[in-house]
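Per full-length UniProt numbering, the sequence shown starts with residue 1, numbered consecutively. We put the beta carbon where it would ideally sit given N, CA and C, even for glycine. Note sheet for the following structure.
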Amino acid sequence: MRPKIDVRSESMYECFECMGRTTDPDVRICPDCGGELRHIGRPRDV
Ligand SMILES: [Zn+2]
1 MRPKIDVRSE
11 SMYECFECMG
21 RTTDPDVRIC
31 PDCGGELRHI
41 GRPRDV
């Protein structure tokens, strides 16, 4: 079982501060440290 990242239509965000990842957050704020999240997901509807 390998850690395959299955990015479909979900928006995945990664925290600048703690590198934690959040999928489809309500706001672009890390729930753990309150840091800024950057978008790393790739929606196909671009
Ligand atoms: Zn964080």
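6 Å CB neighbourhood of threonine 23 in its chain, flanking five on each side removed
Taking the first residue of the sequence shown as position 1, residue 23 is located at position 23. Within the same chain, threonine 23 has close Cβ partners Glu10 and Met12.
Enclosing beta strand (DSSP E) for arginine 21 [first to last residue]:
Within the sequence shown, the letter at position 21 stands for residue 21. Unbroken beta strand (DSSP E) run through arginine 21: 21–23.
Glycine 34 versus cysteine 15: straight-line alpha-carbon distance, rounded:
Here residue 34 refers to the residue found at position 34 of the sequence shown. Here residue 15 refers to the residue found at position 15 of the sequence shown. Rounded to whole angstroms, glycine 34 to cysteine 15 spans 9 Å at the Cα level.
Taking C-beta to C-beta, are arginine 28 and glutamate 17 nearer than 9 Å?
Here residue 28 refers to the residue found at position 28 when the sequence shown is read from its first residue. Here residue 17 refers to the residue found at position 17 when the sequence shown is read from its first residue. Not closer than 9 Å, so no.
For isoleucine 29, three-class secondary structure by DSSP:
Locating residue 29 in the sequence shown gives position 29, where the first residue counts as 1. In this structure, isoleucine 29 counts as strand in the three-state DSSP scheme.
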